[in-house]
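Numbering (the working numbering), first residue to last: 353 to 561.
Glycine included, each C-beta is placed from N, C-alpha and C at the ideal position.
From a predicted model like this one, the values you see are computed outputs, not experimental measurements.
The structure appears right after this line, and notes come after that.
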């Protein structure tokens, strides 16, 4: 994520610094407990794990919106859509075109050519919809097509049981600069794929932040 590291806002910098300070304090406390026969360190490990997760989710949410905003003026429609899909545990796969051409990486799509909206995205991914299993392609402020088939990642991820949607999201992000939003049908968790990696996103608000 090096390309936008310099865009961290003062608020994000403050939040990250505060969280890292908490982690550092907890680690120092753990060291003291280890020196005193290791009393209670398992609980401390769990607390630090929770803080790290919170930090990762906040940072991922910020980066997601930072990546989306230069490529669509109405990226809020995307974040609202995936939030609603998450709440209902409706699976979703949305490819946001950036600079690279994607036509040669996608197949079997049905042309849509409609203005990007959360309502339309939610209807496409509604269970039972003919297009709900495929990927939606978004370019700028337009839903270009739906029901697209994406290349699956060939990378084996240890200790991760990735479904087809997640493997497809990673797959196309390995071969292009596209950003891909994924909503898990099983858990409702939101992730995004970029540059061949998958990042969790904090949910709970329309802006995912």
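Taking a C-beta distance under 8 Å as the contact criterion, residue 447 and residue 532 qualify as a contact pair.
The three-state reading of DSSP puts residue 432 in helix, counting H, G and I together.
Between the region 538-557 and the region 433-450, the count of C-beta pairs closer than 8 Å reaches three or more; the two stretches touch. Taking a cut-off of 8 Å for Cβ pairs, the region 445-459 and the region 519-533 touch, as three or more such pairs fall below it. Excluding five sequence positions before and after residue 420, the CB atoms of its chain that fall closer than 7 Å to its own CB belong to 427, 430, 448 and 531, given in chain order. Between residue 461 and residue 499, the CB-CB gap stays under 8 Å. For the pair residue 457 and residue 425, the Cα-to-Cα distance works out to about 25 Å.
Within its own chain, the residues whose Cβ lies closer than 8 Å to the Cβ of residue 454, once the five positions on either side in sequence are excluded, are 447, 489, 524, 528 and 530, listed in chain order.
Across the set 495, 516 and 422, the C-alpha of 495 shows the shortest separation from the C-alpha of residue 463. Per the DSSP secondary-structure output, residue 497 pairs in a beta bridge with 463 and 489. Counting the other CB atoms within 10 Å of its CB gives residue 507 a total below 16, which places it among the exposed residues. In the DSSP annotation of this structure, residue 421 is not part of any beta strand (DSSP E), being labelled neither H nor E.
Sequence-distant partners of residue 504 (beyond 5 residues in either direction) whose C-beta falls short of 6 Å from its own C-beta, in its chain, are 519, 520 and 523. For residue 545, the pairing in a beta bridge is given by DSSP as 532 and 550. When DSSP states are grouped into helix, strand and coil, residue 454 belongs to the coil group. Between residue 478 and residue 402, the alpha-carbon positions lie close to 33 Å from each other.
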